[in-house]
DNA sequence: AGACTTATTTACTGAGCGGTAGAAAACTTT
DNA sequence: AAAGTTTTCTACCGCTCAGTAAATAAGTCT
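Residue numbers (this note's numbering), protein chains in the order written: chain A, 91 to 285; chain B, 91 to 285.
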């Protein structure tokens with residue numbers, strides 16, 4: 091066993107709580123006091139376990155991508171482009187309209203911010219861009235497989251679906267309910283696959 | 091003429107500068123020091139002229155809606171729904187990809203925030219909701235005029251176009267360029283009018 | 001038992017936050 | 001010229017921010 095006094099809190103559970111605070115308030119909006127209070131630990135414990143605020147956010151973000159945001163990568167593995175889009179849209183509706191944590195961390199974590207959070211903003215920009223790229227690659231495969239018409243551009247499609255997802259996130263942050271966003275997903279699917 | 095020492099700065103110009111600072115950094119991310127430095131005035135002058143940070147933001151927001159964001163109301167007056175959507179999409183591309191002020195104040199001003207900015211967040215939510223409502227009313231008129239098929243739902247269409255616009259704003263905040271967003275607008279227009 | 005290691009607690013730091021007091025300056029009024 | 005009004009300036013307020021020093025507690029090691 092490891093030496094020294096044993097930690098009195100569950101690191102994973104605490105990280106999960108931190109994630110939810112960041113999710114609701116954003117990186118800058120969540121203060122260390124907010125975080126420690128919610129996590130039930132003191133500041134030195136937090137710093138000892140997670141480094142600093144920025145590292146804590148990055149760890150929470152990783153946890154988000156693997157947990158509540160995992161539906162995205164799952165969706166990409168569906169056999170057809172149509173199913174990919176259906177899955178990603180409807181699962182996104184469910185995710186961003188979770189009454190406890192509305193919205194998407196990658197969008198509202200730090201869409202724009204003061205100077206101190208600039209690196210976090212960049213990180214989230216890069217993650218969104220990577221997601222779009224992943225989707226683009228998936229659509230390119232679908233075109234190669236004859237699953238999508240060769241007349242469409244995979245990058246354009248990925249950008250379009252990304253925009254819908256991000257629009258959903260904004261509307262969810264604005265209080266839109268599940269039924270409304272589901273209609274939005276239906277609307278986007280009505281013109282899929284594109285000609 | 092009015093009594094007392096005359097003001098040494100142009101209120102409108104200062105407000106315009108404040109708008110641009112809020113635009114780039116968001117409500118919480120813009121500090122009073124950021125604002126006064128950019129506006130070229132001291133804090134007491136700012137408070138005397140504009141009240142406090144929240145009032146300053148609201149005045150800047152009004153100015154935004156009447157200025158850089160004015161294309162939205164202009165678009166609604168186009169004679170056909172197709173033209174409304176074309177105009178609002180392409181003008182939005184131009185607006186949110188302004189290299190000096192990327193993005194949309196109504197989206198990135200306070201999408202999510204700490205407790206102190208909660209009322210600003212609510213205000214922006216309400217404004218976005220109103221814009222969608224205006225668009226919905228416009229589409230309802232189009233349906234009544236036979237300009238759009240009676241099978242579509244005006245509210246659904248408005249929500250859909252709003253999502254595209256908000257998605258554009260997020261992508262612009264993430265550094266997407268004018269040509270990319272133009273392709274996104276084209277993509278959205280390809281399936282318009284909806285069946 | 002005693003040395004070693006790690007976590008917890010309390011109390012604190014310096015910096016930045018939004019906002020303001022008070023005096024001096026620049027104007028209009030009488 | 002003197003009184004009244006408004007803006008300007010410097011200096012400051014209390015508060016919150018992220019982050020930490022130092023002592024104590026709770027374990028494992030030899």
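All C-beta atoms in this analysis are idealised placements derived from N, C-alpha and C, irrespective of residue type, glycine included.
- CA-to-CA, the gap between residue 139 of chain B and residue 101 of chain B works out to about 8 Å.
- Counting only residues of its own chain and dropping the five nearest sequence neighbours on each side, residue 227 of chain A has a CB closer than 8 Å to the CB of 244.
- With fewer than 16 other CB atoms across the displayed protein chains lying within 10 angstroms of its CB, residue 157 of chain B is exposed.
- If you check the CB distance, residue 186 of chain A and residue 258 of chain A come in under 8 Å.
- For residue 249 of chain B, the enclosing alpha helix (DSSP H) covers residues 244-263.
- As for any alpha helix (DSSP H) of minimum length 4 sitting wholly inside the region 168-244 of chain A, the runs are 171-186, 195-198 and 208-234, ordered along the chain.
- Contact check for residue 253 of chain B against residue 261 of chain A passes: the beta carbons are separated by less than 8 Å.
- Taking a C-beta distance under 8 Å as the contact criterion, residue 147 of chain A and residue 221 of chain A do not qualify as a contact pair.
- Nearest in C-alpha terms to residue 229 of chain A, of all of A/268, A/196, A/175 and A/204, is A/175.
- DSSP places residue 101 of chain B inside the alpha helix (DSSP H), whose first and last residues are 101-119.
- Taken atom to atom, the span from the alpha-carbon of residue 130 of chain A to that of residue 104 of chain A is near 8 Å.
- DSSP places residue 93 of chain A outside both helix and strand once states are collapsed to three, so it counts as coil.
- Spatial neighbours of residue 117 of chain A in its own chain (CB-CB distance under 6 Å, excluding positions within 5 residues in sequence) are listed in chain order as 147, 199, 200, 207 and 210.
- Taking 8 Å as the cut-off, the beta carbon of residue 279 of chain B is found closer than this to the beta carbon of residue 179 of chain B.
- Using a CB distance below 9 Å, the part of the region 117-138 of chain A facing chain B consists of 118, 119, 120, 121 and 124, ordered along the chain.
- For the options A/120, A/95 and A/194, the alpha carbon positioned closest to that of residue 256 of chain A is the one of A/194.
- Excluding sequence positions up to five before and after residue 218 of chain A, its CB lies within less than 8 Å of the CB of 196, 197, 252 and 256, all in the same chain and listed in chain order.
- Excluding its 5 nearest sequence neighbours in each direction, residue 248 of chain A has C-beta neighbours in its own chain below 7 Å: 222, 225, 226 and 229, listed in chain order.
- Per DSSP, residue 98 of chain A is not a residue of any alpha helix (DSSP H), being assigned neither H nor E.
- Cβ-Cβ separation between residue 119 of chain B and residue 203 of chain A: approximately 4 Å, consistent with a contact (criterion under 8 Å).
- Setting aside the 5 residues that flank it on each side, residue 192 of chain B is surrounded in the same chain by 186, 262 and 263, each with a C-beta closer than 7 Å to its C-beta; the list follows chain order.
- Contacts between residue 201 of chain A and chain B, judged by CB atoms closer than 9 Å, involve 116, 193, 197, 198, 201, 202, 259, 260, 263 and 264 in chain order.
- Note on geometry: alpha-carbon atoms of residue 238 of chain B and residue 113 of chain A lie some 39 Å from one another.
- Of all residues in the region 227-255 of chain A, those with a C-beta nearer than 9 Å to a C-beta of chain B are 243, 245, 246, 247, 249, 250, 252, 253, 254 and 255, reading in chain order.
- At a C-beta separation below 8 Å, residue 221 of chain A has no neighbours in chain B, since its nearest C-beta there lies roughly 11 Å away.
- Under the Cβ criterion of 8 Å, residue 182 of chain A is not counted among the residues facing chain B.
- Taking 8 Å as the threshold, the shortest C-beta distance from residue 148 of chain A to chain B does not fall below it.
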